[in-house]
Amino acid sequence: MRTAHPVETVRAAEAELMALLPDGALMRRAAAGLAAACCSLLGKGRVYGSRVVLLVGSGDNGGDALYAGARLARRGAGVTAVLLGGRAHGAGLAALRAAGGRVTEDPYEALAAADLVLDGITGIGGRGGLRPEAVPVARAARGSDAVVVAVDLPSGVDADTGEVDGEALRADATVTFGAYKPGLLVDPAREYAGALRLVDIGLGPYLPAIPGLEALQHQDVARLLPEPGAESDKYRRGVVGVYAGSDRYRGAAVLAVAGALRGGAGAVRYLGRVGDMVVRAHPEVLVHTGPWDAAGRVQAWVAGPGIGEGSDPETAMGHVLAADVPVLVDADGLRHVTPGAVRERSAPTLLTPHAGEAAALLGTDRAAVEAGRLAAVRALAARYGATVLLKGSTTLVCGPGGTGPVRVNPTGTPWLATAGSGDVLSGLAGSLLAAGLDPVDAASCAAYLHGLAARRAAGAGGPITASGVADALPAAWRDIREP
Ligand SMILES: NC(=O)C1=CN([C@@H]2O[C@H](COP(=O)(O)OP(=O)(O)OC[C@H]3O[C@@H](n4cnc5c(N)ncnc54)[C@H](O)[C@@H]3O)[C@@H](O)[C@H]2O)[C@@H](O)CC1
Ligand SMILES: [K+]
């Protein structure tokens, strides 16, 4: 599991550790790791003679850049510092000068010839976007041919929320110290960070067991996915009920069922208006056409994709929400849930909105949700007392209440922004719920598998369809099981 901790927690851990170490030891550890990462980015044998530019702000983030610059200068790099704050870390500047580095008044000349730029303008102490005087220099760095390496965080992004309020410096790689910060894993800031590297400065024992953010990795998902045993039959493996589709949106039902069939439940029961079409596409589905109370037992419901509006869907959603089993509500179904109705349920509820649907549930606009995804997923989970999966470029999952760690999905791909892919995801997550996973695990494993399947379907990169994603799910599942 990859974890991230908020700034306050990182600072507290640093303070505990720093009290046990000689002055400056932590910064030297950070700078050593940073310089080593720069050497590997420049390539073997290419440090000597390379041209490195340091963008140095007024705090310790600039200090890290200066000390790392000193190390690179000692290995034969030509290192030039651009001082952007009113002051610079004194000991770091002295170390750079002693190693043969220099300070320039002409950042543009230095940047035009740079092979590598170290962005040490702001780290966890930064507030808001880049200040106006730093903006043209940051743009020149980005516009140069140099590799841009962010020190701890890309300057201008919010470490805790992933928000970018104004301009930030987009990096090719970010070398972060002690712990990942939430903003490095959540969009929009994540996009500015490039490839991530974590330098261990010994903070581990001083960080709390429960992080602010966590990202599953292959082995975590492999451990959580259901595995049929010798004694399993379809009922023990779980039956998932799917209520989806309408005369207008028939494909949503087919796609949600396609996801559900590949999620590990033993059987899929379909209720809705387009049973004929569903059974033609998926003959293995149990289609129910009678009244709701005769639908038979299910271990979880997926409700909402393509059901449309009106009194029929409203009544049906009432039946679903009254069931004493976990319920996943997606898409049109989300129009029929109220915080009160969800909170009254006896079994868990999982809501899976995209940003637009989340905005409608929160009474805000889509742009506000996109800009503050972490805050939005927590607010929804708190308001509804439900687990919430917020779809998007980085899909987030938050458990009921909104206070626990948020799971961030690391496997997404922009190709997934295609019609119907959300229906496949909801079927898949519902199937995992029916198989017995708790809602946070079901949602985050589904997002993980779905992202992997999309990457597989896209191959070297190319348009994919929602059906293609569903078809690639068994292979993604195997990739996780047999890495
Ligand atoms: N605390 C520690 O033990 C360690 C800290 N380290 C480094 O120290 C950093 C934190 O240092 P600081 O707390 O000094 O904070 P930063 O260096 O991140 O930034 C604070 C400084 O930047 C200025 N500033 C704030 N917002 C700005 C903006 N938008 N544009 C321009 N300037 C802005 C502030 O006036 C302040 O002088 C970490 O990110 C990391 O790089 C590492 O050396 C590891 C050890
Ligand atoms: K930085």
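Each residue of the sequence shown is one higher than the one before, starting from 356 at the first, in the working numbering.
Backbone N, C-alpha and C fix where the C-beta goes; we use that ideal spot for every residue, glycine too.
Element boundaries [beta strand (DSSP E), containing residue i]
{"i": "V530", "result": "A528 to F532"}
{"i": "D648", "result": "Neither: D648 is in no beta strand (DSSP E) and is coded neither H nor E."}
{"i": "E488", "result": "Run containing E488: none; DSSP gives neither H nor E here."}
{"i": "G596", "result": "V594 to Y598"}
{"i": "L788", "result": "First-last for L788: S776 to A789, but that is the alpha helix (DSSP H), not the beta strand (DSSP E)."}
{"i": "Y334", "result": "For residue 334 there is no data in the structure shown, the boundaries of the chain being 356 and 838."}
{"i": "D925", "result": "Outside the displayed span of the chain (356 to 838) sits residue 925, for which this structure offers no information."}
{"i": "T707", "result": "T704 to T707"}
{"i": "L524", "result": "Premise fails: L524 is in no beta strand (DSSP E) and is neither H nor E."}
{"i": "E569", "result": "L568 to A570"}
Other residues of its chain near residue i: CB distance less than 7 Å, five sequence neighbours each side excluded
{"i": "R738", "result": "P694"}
{"i": "D834", "result": "L807"}
{"i": "G483", "result": "D520 and G521"}
{"i": "A423", "result": "A386, L389, A390, C393 and L473"}
{"i": "G823", "result": "A812"}
{"i": "V680", "result": "V653, Q654, A655, W656 and A702"}
{"i": "T773", "result": "I819, T820 and A821"}
Residue i at chain D interface by Cβ criterion, 8 Å
{"i": "R698", "result": "Within the model displayed, chain D is absent; a lone protein chain is all it includes."}
Cβ-Cβ distance between residue i and residue j below 8 Å
{"i": "S786", "j": "G618", "result": "yes"}
{"i": "L562", "j": "A534", "result": "yes"}
{"i": "G549", "j": "G475", "result": "no"}
{"i": "P703", "j": "L568", "result": "no"}
{"i": "V502", "j": "Y547", "result": "no"}
{"i": "D470", "j": "R406", "result": "yes"}
{"i": "A827", "j": "A812", "result": "yes"}
{"i": "Q867", "j": "R357", "result": "Outside the displayed span of the chain (356 to 838) sits residue 867, for which this structure offers no information."}
{"i": "L421", "j": "H444", "result": "yes"}
{"i": "S510", "j": "T477", "result": "yes"}
{"i": "T766", "j": "R545", "result": "no"}
{"i": "A613", "j": "V779", "result": "yes"}
Spatial neighbours of residue i in its chain, beta-carbon cut-off 6 Å, leaving aside the 5 residues before and after
{"i": "E725", "result": "A710"}
{"i": "G841", "result": "With the chain covering only 356 through 838, there is no way to say anything about residue 841."}
{"i": "A495", "result": "Y463 and L466"}
{"i": "P543", "result": "V519"}
{"i": "V408", "result": "T435, A465, L466, A469 and V472"}
{"i": "H674", "result": "W647"}
{"i": "G596", "result": "R624, V653 and W656"}
Residue i: first and last residue of the uninterrupted alpha helix (DSSP H) it sits in
{"i": "H573", "result": "H573 to L579"}
{"i": "D796", "result": "P794 to A813"}
{"i": "V633", "result": "G630 to A636"}
{"i": "V675", "result": "S666 to A677"}
{"i": "G433", "result": "Note, G433: premise wrong, no alpha helix (DSSP H); beta strand (DSSP E) at G433 to L438."}
{"i": "D834", "result": "A821 to R836"}
{"i": "D419", "result": "D415 to R429"}
{"i": "A615", "result": "R605 to L616"}
Between the CA atoms of residue j and residue i - distance to the nearest angstrom
{"i": "A723", "j": "V492", "result": "29 Å"}
{"i": "L706", "j": "L683", "result": "6 Å"}
{"i": "S587", "j": "A790", "result": "11 Å"}
{"i": "A374", "j": "A453", "result": "28 Å"}
{"i": "A425", "j": "R733", "result": "43 Å"}
{"i": "A831", "j": "V530", "result": "30 Å"}
{"i": "V362", "j": "L717", "result": "27 Å"}
{"i": "L676", "j": "G440", "result": "57 Å"}
{"i": "G414", "j": "Y803", "result": "38 Å"}
{"i": "K536", "j": "A514", "result": "6 Å"}
{"i": "I819", "j": "P769", "result": "10 Å"}
{"i": "G688", "j": "L729", "result": "23 Å"}
{"i": "A432", "j": "K399", "result": "13 Å"}
{"i": "R457", "j": "D419", "result": "16 Å"}
{"i": "V437", "j": "G412", "result": "9 Å"}
{"i": "L788", "j": "P487", "result": "50 Å"}
Own chain partners of residue i with C-beta closer than 8 Å, once the 5 adjacent residues on each side are dropped
{"i": "I565", "result": "G759 and P760"}
{"i": "G756", "result": "A736, A737 and G740"}
{"i": "L771", "result": "H805, G806, A809, I819 and V824"}
Any non-hydrogen atom of ligand 3 closer than 7 Å to residue i Cβ
{"i": "R426", "result": "As far as ligands go, the structure on display features ligand 1 and ligand 2 and does not contain ligand 3."}
Per the contact definition of three or more C-beta pairs closer than 8 Å, is the stretch 793–801 in contact with the stretch 622–629?
no
Quick one: any contact between the stretch 366–384 and the stretch 574–594, if contact means 3 or more CB pairs under 8 Å?
no
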